[in-house]
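Here this note's numbering is used: the first residue of the sequence shown is 1, the next is one more, and so on. A quick write-up on the structure given underneath.
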Amino acid sequence: MSEGHPLSLSPLRALVPCEEWAELTRYPPQTYLAGRALLRQGDKGTHVLALVSGLVKVVRTDRDGRQRLLAFRGPGEILGEMALQGAGMRMASVWAMSDCKASIVSGDDFRRLVDDRRLAYPLAVMSSRRLLEQTEIHDGAVHERLAVALLRLVEASDGERSFDLTREDLALHIGVGRKAVSKALEQLGQDRVEAGKGRIDVIDVDALREIVDSGARCAPRHPSSGPAAQTVSTPTVKLEMRATARMNAPARSPRGRVGFTEE
Numbered sequence: 001m002s003e004g005h006p007l008s009l010s011p012l013r014a015l016v017p018c019e020e021w022a023e024l025t026r027y028p029p030q031t032y033l034a035g036r037a038l039l040r041q042g043d044k045g046t047h048v049l050a051l052v053s054g055l056v057k058v059v060r061t062d063r064d065g066r067q068r069l070l071a072f073r074g075p076g077e078i079l080g081e082m083a084l085q086g087a088g089m090r091m092a093s094v095w096a097m098s099d100c101k102a103s104i105v106s107g108d109d110f111r112r113l114v115d116d117r118r119l120a121y122p123l124a125v126m127s128s129r130r131l132l133e134q135t136e137i138h139d140g141a142v143h144e145r146l147a148v149a150l151l152r153l154v155e156a157s158d159g160e161r162s163f164d165l166t167r168e169d170l171a172l173h174i175g176v177g178r179k180a181v182s183k184a185l186e187q188l189g190q191d192r193v194e195a196g197k198g199r200i201d202v203i204d205v206d207a208l209r210e211i212v213d214s215g216a217r218c219a220p221r222h223p224s225s226g227p228a229a230q231t232v233s234t235p236t237v238k239l240e241m242r243a244t245a246r247m248n249a250p251a252r253s254p255r256g257r258v259g260f261t262e263e
């Protein structure tokens, strides 16, 4: 677990001026009931979604049939932007964890908004942060990774503490077995997290942050670092360098193939 863990992922809404987000959400929102798919893996990418309210999970099914729960996303996020370039196919499905509202923005309108509103740079920043998120969730002890996942879930949902979520969901997200998640929940303790049947309640956010911070302080130092060097994991260092390079590059329009990411 790296020091200064990037728990705050900042949705696109936080990376652009209010008027830019208003442009993306001016289209009439559609309601998606809990359990419904907003986007489906393998479908042709014809539009993006600007999530106005609710919580979703991003799930990818690999060729061997195994599923991976890649991320949780909340209000202020853009979904499905990656399919507007390349092969144009959805790389993952997005499922509503609660009742959601999202504005549907056609591919042509989205490309125009990116060009007119200079959204390429914020989208590249968002892409880089999502890359870091994917690495960090697999870095550290299982109970630390679980704490990170729960903290990000609270953040994505704008402070909600109770979630319709199973141990299997958490296992698919952090890349371990269900038994490992049950053991990690025991380590965290019911004073921090309560897990019922299909339900997870985050009791003490501050205590979970202390666990994450403690894991960061105990992480092994990077081999090339001196005694006073920052404590980071090697995969995170590599992704941070890649992210920095991408964020410092000149912004380009989607026709120039900026790396939008849909988990």
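Just so it is clear, CB atoms sit at the ideal spot from N, CA and C, and this is done for glycine as well.
**OP:** Could you name the residues of the same chain whose beta carbon sits closer than 8 Å to that of residue 191, not counting the 5 residues immediately before and after it, in chain order?
**Re:** Walking along the sequence shown from the start, residue 191 turns up at place 191. Apart from sequence neighbours up to five positions away, the residues of its chain that approach residue 191 with a beta-carbon distance below 8 Å are 203, 204, 207, ordered along the chain.
Original post:
From residue 83 to residue 124, what distance separates their C-alpha atoms?
Top reply: In the sequence shown, counting from the first residue as 1, residue 83 sits at position 83. In the sequence shown, counting from the first residue as 1, residue 124 sits at position 124. It is roughly 15 Å from the alpha-carbon of residue 83 to the alpha-carbon of residue 124.
**OP:** Could you check the C-alpha separation between residue 12 and residue 78 for me, to the nearest Å?
**Re:** Walking along the sequence shown from the start, residue 12 turns up at place 12. Walking along the sequence shown from the start, residue 78 turns up at place 78. One C-alpha to the other measures close to 7 Å.
**OP:** Rounded to whole angstroms, what's the CA-CA distance from residue 27 to residue 121? Just pull it up for me.
**Re:** Position 27 of the sequence shown, counted from the first residue, corresponds to residue 27. Position 121 of the sequence shown, counted from the first residue, corresponds to residue 121. The straight-line gap from Cα to Cα measures roughly 23 Å.
**OP:** Would you mind listing the alpha helix (DSSP H) stretches within the segment 18-63 that are 4+ residues and don't spill past its ends, in chain order?
**Re:** For the alpha helix (DSSP H) assignment, the uninterrupted runs of no fewer than 4 residues enclosed by the segment 18-63 are, from N- to C-terminal side, 18-24.
**OP:** Please list, in chain order, all residues of the same chain as residue 198 whose beta carbon is under 7 Å from its beta carbon, the five residues on each side excluded.
**Re:** The residue you call residue 198 lines up with position 198 of the sequence shown. Closer than 7 Å at Cβ, skipping near neighbours: 164, 166.
Original post:
Going along the chain, which residues of its own chain have a beta-carbon closer than 7 Å to the beta-carbon of residue 33, five neighbours each way excluded?
Top reply: Position 33 of the sequence shown, counting from 1, holds the residue named residue 33. In chain order, 96, 99 place their CB closer than 7 Å to the CB of residue 33, counting only its own chain and leaving out the 5 sequence neighbours on each side.
Subject >> Rounded C-alpha distance that separates residue 157 from residue 85 >> reply: To locate residue 157, count along the sequence shown from 1; it is residue 157. To locate residue 85, count along the sequence shown from 1; it is residue 85. In a straight line, the C-alpha of residue 157 is about 28 Å away from that of residue 85.
Subject >> Residue interval of the beta strand (DSSP E) (run including residue 272) >> reply: Nothing about residue 272 can be read from this structure; the chain reaches only from 1 to 263.
Original post:
Quick one: Cα of residue 239 to Cα of residue 53, how far?
Top reply: On the sequence shown, position 239 is the one that residue 239 refers to. On the sequence shown, position 53 is the one that residue 53 refers to. Low confidence applies here, because residue 239 scores a pLDDT of 38, under 50, leaving its location unreliable; read the following figure in that light. Near 30 Å, if we compare the C-alpha coordinates of residue 53 and residue 239.
Subject >> Alpha carbon of residue 75 to alpha carbon of residue 137, nearest angstrom >> reply: Here residue 75 corresponds to residue number 75 of the sequence shown, with the count starting at 1. Here residue 137 corresponds to residue number 137 of the sequence shown, with the count starting at 1. If I take the Cα positions, the gap works out to 21 Å.
Original post:
Taking all protein chains shown into account, do 16 or more other C-beta atoms lie within 10 angstroms of the C-beta of residue 169, making it buried, or fewer, making it exposed?
Top reply: Position 169 of the sequence shown, counting from 1, holds the residue named residue 169. Residue 169 should be labelled buried.
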